[in-house]
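Worksheet: the structure to be examined is printed underneath.
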Amino acid sequence: MSLLRSITAATLAKDIRLEWRSRDAINSMLFFSLLVVVIFSFAFDPNAEESREIAGGLIWVAFLFAAVVALNQTWARELRNQVLDAYRVSPAPATALFVAKALGNFLLVSLLEALMAPLFMIFYNLRPLGPAWQLIPVAILGTWALVVNGTFVAAMSLRTRSREIMLPLLLFPISIPAIQSMVEATRVVLSGDGSARFWIVLLLTYDVVFTTACLALFETILQAE
Amino acid sequence: MKKAFPILAVLTALLLAYGTYQALVVAPTERTMGDVQRIFYYHVPSAWTAFLLFSLNFLASLQYLSGAKPSAKRVINWAVIAIAVVGAIAPYIPMVQKQLPEGLYPSSVATTAIMIAVLYFLIGKFFTERSLDVLAVTTAEVGVVFCSIVLITGPLWARPVWGIWWTWDLRLTLTLVLWLIYVSYLVLRRFSDSAQTPKLAAVLAIFGALDVPLVYFSIWFFRTQHPQPVIGGGGSIDPRMLHILLLNWLAFSCLAFLVCWLRYGLEIMQRDVHEAQALEALLGDEGLPQTSARGRSPLNKTPSRMGPA
């Protein structure tokens, strides 16, 4: 167990250090989601009442697209110097690598959300009418739902042709229930009609089911050769 | 086996023709919808066939993955047995029985649960690791075709009856999401041409199957909040209509089986050719003994033998 934890910690620390030095992913994600926010507001031009209804969808679609940017470069980095091959022949457990990568992506996307959410609030004049604290579990569970499957699917699409486009093609259909839950929960909280409890429970179920599946099947994917 | 193919083909053609005749001429006209309702005899059998094929794909993928490790195989086998036992007993417990939607009998739930386990073990018994993957490709492809038929005939019926082409109703959305998942499955198979494609595809099939209940709950909750036009609205079906529906389902299942059979043979043949080509490229012309390996090589097969093996 301690071996698992130390390998996870080492890989995670390495990824964070790399990202801190280059800041490639976070910068491109930030700029990308900023563009999405601006373009959406031109495309819909909503008033305060309308934006409460549609903001949940806009926020999560922007984050989903931005997350794909981060997910695509997760494994590509490891291919360059055959790091992944080295990992494959080492006795280290595959799940440790997966958990580290998923956590790294989770931190990156969470940071993006923390920076972009205030901007959304300003641009769309949002003021939640429901219990605002519920947005925190929705954001955490929703981000994990995107990132855990995204990290897994990115590893799957590593050995396909045109892998950059394969990731969204494989990830989006599976993520439909998670995205619907996030969007609906955010909409309910912002507009203040109804309770978000069902959607949070559904997100939690989604997270538990797919985290288990990813951990169980990741070794098959990594060793598939 | 090969001789059975033309016989089955003729039988299927006759069955389809008879089913069409029954659906278009013999079946009573529906009172409110009129003749448009007759599309039902193609729509519903296609849907059932597609779902059956997708379940087969899931079971084949599960068997394929479980073959990788004996310990995993044991766990999955016991899990399937447990699901069958729970699925067969649970619907008869009064507390669970109350939760079942109206029109769904406990016996049909129990039968489905047992059938899934039986199919799983049958597939594991009769297919080797290589042919399991071929079965998965075949069922996914043919399933997507039937699912597309469902998605095309549905709006054709909905437009005159509901007045709209499409609505985000529970069944419609679930079918569409299922279609999307399986199209992404086929895209993965198309874009990945290495030796590990079967494993990746099998994993994706498992993920898709895990997704379906979650999609169901998310749409179910979403739609109960937003009233929508509902299909049929309970009521019982005329027994004559039911007979024709079941007859058409039999015909469609035969057709699906026939197409799967053809596609299965073609896929096996294609893989044999690929392997033979790879071997030939590896060994060169002199490397292969002329009589033994060359004679059996699929590259030398004549086109007349291209039928299902």
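First to last, the protein sequences are chains A and B.
Start counting the first sequence at 1; every next residue gets the next number (my numbering).
Start counting the second sequence at 1; every next residue gets the next number (my numbering).
From the three backbone atoms N, C-alpha and C, an ideal C-beta is built for every residue, glycine too.
CB contact below 8 Å: residue i versus chain A
i      : result
B:I206 : yes
B:L200 : yes
B:D133 : no
B:I181 : yes
B:S218 : yes
B:L59  : no
B:F51  : no
B:Q196 : yes
B:A68  : yes
B:S184 : yes
B:S192 : yes
B:L65  : yes
B:V177 : yes
B:I231 : Unreliable positioning characterises B:I231 in this predicted model, as indicated by a pLDDT of 43, which lies under 50. The coordinate reading is nonetheless provided below. No, B:I231 does not count as interfacial toward chain A.
B:F54  : no
B:V187 : yes
B:L214 : yes
B:V203 : yes
B:S304 : Because the pLDDT at B:S304 is just 46, under 50, the model does not fix this residue reliably, and the value given afterwards should be weighed accordingly. Answer no: the Cβ-Cβ gap between B:S304 and chain A never drops below 8 Å.
B:L170 : no
B:D35  : no
B:L62  : no
Backbone secondary structure at residue i - three-state DSSP
i      : result
B:G163 : coil
B:Q196 : coil
A:R23  : coil
B:Y105 : coil
B:Y216 : helix
A:A213 : helix
B:K3   : coil
B:F127 : coil
B:A276 : helix
B:D169 : coil
A:P131 : coil
A:T160 : coil
B:I93  : coil
A:S6   : helix
B:R189 : helix
B:Y120 : helix
6 Å CB neighbourhood of residue i in its chain, flanking five on each side removed
i      : result
A:G192 : L129 and G130
A:A92  : I7
A:A178 : A145 and Y206
Chain B within 8 Å of residue i, Cβ atoms only
i      : result
A:F65  : no
A:A55  : no
A:F198 : yes
A:S195 : no
A:Q134 : no
A:S181 : yes
A:V99  : no
A:M166 : yes
A:R52  : no
A:A25  : no
A:S191 : no
A:Y206 : yes
A:L169 : yes
A:F210 : yes
A:P173 : yes
A:R161 : yes
A:P177 : yes
Residues bridged to residue i [DSSP beta-bridge criterion]
i      : result
B:G314 : Nothing can be reported for residue 314 of chain B: it is not among the residues displayed for chain B, which extend from 1 to 309.
Neighbourhood of residue i by C-beta, 7 Å cutoff - its chain only, sequence neighbours within 5 removed
i      : result
A:S157 : R163, M166, L167 and L170
B:G143 : A50, L53, F54, N57 and Y182
B:G156 : Checking the displayed sequence, the identity of residue 156 of chain B turns out to be Leu instead of Gly. Within the same chain, B:L156 has close Cβ partners I39.
A:V183 : G56, G57 and W60
B:L174 : V215, Y216 and I219
B:L15  : L250, A251 and C254
A:I174 : N149
A:R5   : none
Cutoff 8 Å; reference residue i; Cβ partners in own chain excluding five residues on either side
i      : result
A:R52  : L126, L129, R187, L190 and S191
B:L180 : none
B:A158 : I164, W165, W166 and T167
The ligand MN heavy atom lying under 7 Å from the CB of residue i
i     : result
A:R21 : Because no ligand of any kind appears in the structure shown, any question about the ligand MN cannot be addressed here.
Using 8 Å as the Cβ pair cut-off and three pairs as the minimum, do the stretch 118–128 of chain B and the stretch 144–155 of chain B touch? no
Meets three-Cβ-pair contact criterion under 8 Å: the stretch 150–165 of chain A and the stretch 59–73 of chain A: yes
Can we say the stretch 42–62 of chain B touches the stretch 206–223 of chain B, given the rule of at least three CB pairs closer than 8 Å? yes
Using 8 Å as the Cβ pair cut-off and three pairs as the minimum, do the stretch 19–33 of chain B and the stretch 243–258 of chain B touch? yes
Three Cβ pairs or more, each shorter than 8 Å: is that satisfied between the stretch 37–44 of chain A and the stretch 77–91 of chain A? no
Does the stretch 133–142 of chain B come into contact with the stretch 25–37 of chain B, if we say contact requires no fewer than three beta-carbon pairs (one atom in each stretch) closer than 8 Å? no
Closer than 8 Å is the cut-off here; do at least three beta carbon pairs connect the stretch 68–77 of chain B with the stretch 273–281 of chain B? no
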